[in-house]
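Reading through the structure tokens given below for one structure.
The structure is reproduced here in structure tokens:
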């Protein structure tokens, strides 16, 4: 028999009150997410990874009238959220981006991270994303980084929001399993690389560009690496080009002059992973 004790201290919400409006704002407004330091998470994959990796749940949202699976009940109790909100089915549907409304959502606290959150390792593989603009591309790139063993991601410049709902959805939960740090510019990256050198770890900085000198397969990826991927439209900024030890290109033969960020990252990271496993 299911344990319903967790429902006893819930806040019941049946109208679009201030609490509901705040959740809607977190979903739709980047500036409010930043101001409140929290964001909305929907979907089993994302919530599983967030809980597994110890992210702080501030509020769990669900509709008990729709029925809850054993997994959802366990997740609600495991979360140790500050509050539990039991919404009407209509309100849950208004918050959901899915055709079939998710049974569980959460308001999650943004972590306070600086560059030290990215580990310095002798086998390190770190990705820098220079001004990524498309949240779907960003999420897919995060997913590829997770798949191919990246130890951390820096996002720099005027970029899309890491916690945009589309970024979260496209990352399929991997955003919660890899450290991601937002920094202002290449100068912050160089400070981190200098810190690594002081600790005896010298990172090679490899940029990507359609005009790179060597192709991806020609380059030998050795030792700790920082891989830089530029903006979807403009590529790497001149500031990043100036700090690269080398710039490689992905050979393509079609009519398109380039491929999108997530595709480029996937191809490059696969090749790095392949070479490292053969070494």
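Residue numbers (the working numbering): 1 to 279.
All C-beta atoms in this analysis are idealised placements derived from N, C-alpha and C, irrespective of residue type, glycine included.
When secondary structure is reduced to three states using DSSP, residue 124 falls in the coil class, being assigned neither helix nor strand. Residue 11 sits close to residue 83, with the two beta carbons spaced by under 9 Å. Of the other Cβ atoms in all chains shown, fewer than 16 fall within 10 Å of the Cβ of residue 28; this residue is therefore exposed. Around the beta carbon of residue 164, a 10 Å sphere encloses 16 or more other beta carbons of the protein chains shown; the residue is thus reported as buried.
Going by C-alpha positions, residue 48 is about 43 Å away from residue 213.
Residue 9 has its alpha-carbon roughly 16 Å from the corresponding atom of residue 65. Where residue 91 is concerned, the enclosing alpha helix (DSSP H) starts and stops at 89-95.
DSSP places residue 197 within a helical segment (H, G or I) once states are collapsed to three.
Every beta strand (DSSP E) of 3 residues or more that sits fully in the segment 233-271 is shown, in chain order, as 246-249. The count of Cβ pairs closer than 8 Å, one atom from the segment 125-132 and one from the segment 94-110, stays below three, leaving the stretches out of contact. Secondary structure note for residue 154: its beta strand (DSSP E) is the uninterrupted segment 152-156. Using a Cβ-Cβ distance cut-off of 8 Å, the segment 30-41 and the segment 141-155 are not in contact, since fewer than three pairs of beta carbons, one from each stretch, lie closer than that value.
In chain order, 10, 12 and 64 place their CB closer than 6 Å to the CB of residue 86, counting only its own chain and leaving out the 5 sequence neighbours on each side.
Residues 151, 201 and 224 of the same chain have their beta carbon placed closer than 8 Å to that of residue 121, with the five preceding and five following residues left out of the count. Judged by their CB atoms, residue 107 and residue 146 are not nearer to each other than the 9 Å cut-off. Per DSSP, the beta bridge partners of residue 42 are 105.
Straight-line measurement puts the Cα of residue 196 at about 21 Å from the Cα of residue 247. Residue 20 sits in a helix when the DSSP states are folded into three classes. Around the beta carbon of residue 266, 16 or more other beta carbons lie within 10 angstroms, which makes this residue buried. In the DSSP annotation of this structure, the continuous segment of the beta strand (DSSP E) that includes residue 12 starts and ends at 11-13. Residue 46 is positioned such that its CB atom lies no closer than 9 Å to that of residue 222. Contact annotation: the segment 133-145 does not touch the segment 108-115, with fewer than three C-beta pairs closer than 8 Å. By the neighbour-count criterion, in which a residue is buried when 16 or more other Cβ atoms sit within 10 angstroms of its Cβ, residue 80 is exposed. Contact annotation, residue 206 with residue 189: C-beta distance approximately 13 Å; criterion of less than 8 Å not satisfied. In this structure residue 71 is exposed. Its beta-carbon is surrounded by fewer than 16 other beta-carbon atoms within 10 angstroms. In the structure shown, residue 191 falls within a helical segment according to DSSP collapsed to helix, strand and coil. Using a Cβ distance threshold of 9 Å, residue 40 and residue 26 count as a contacting pair. Judged by DSSP secondary structure, residue 169 falls within the alpha helix (DSSP H) whose first and last residues are 165-171.
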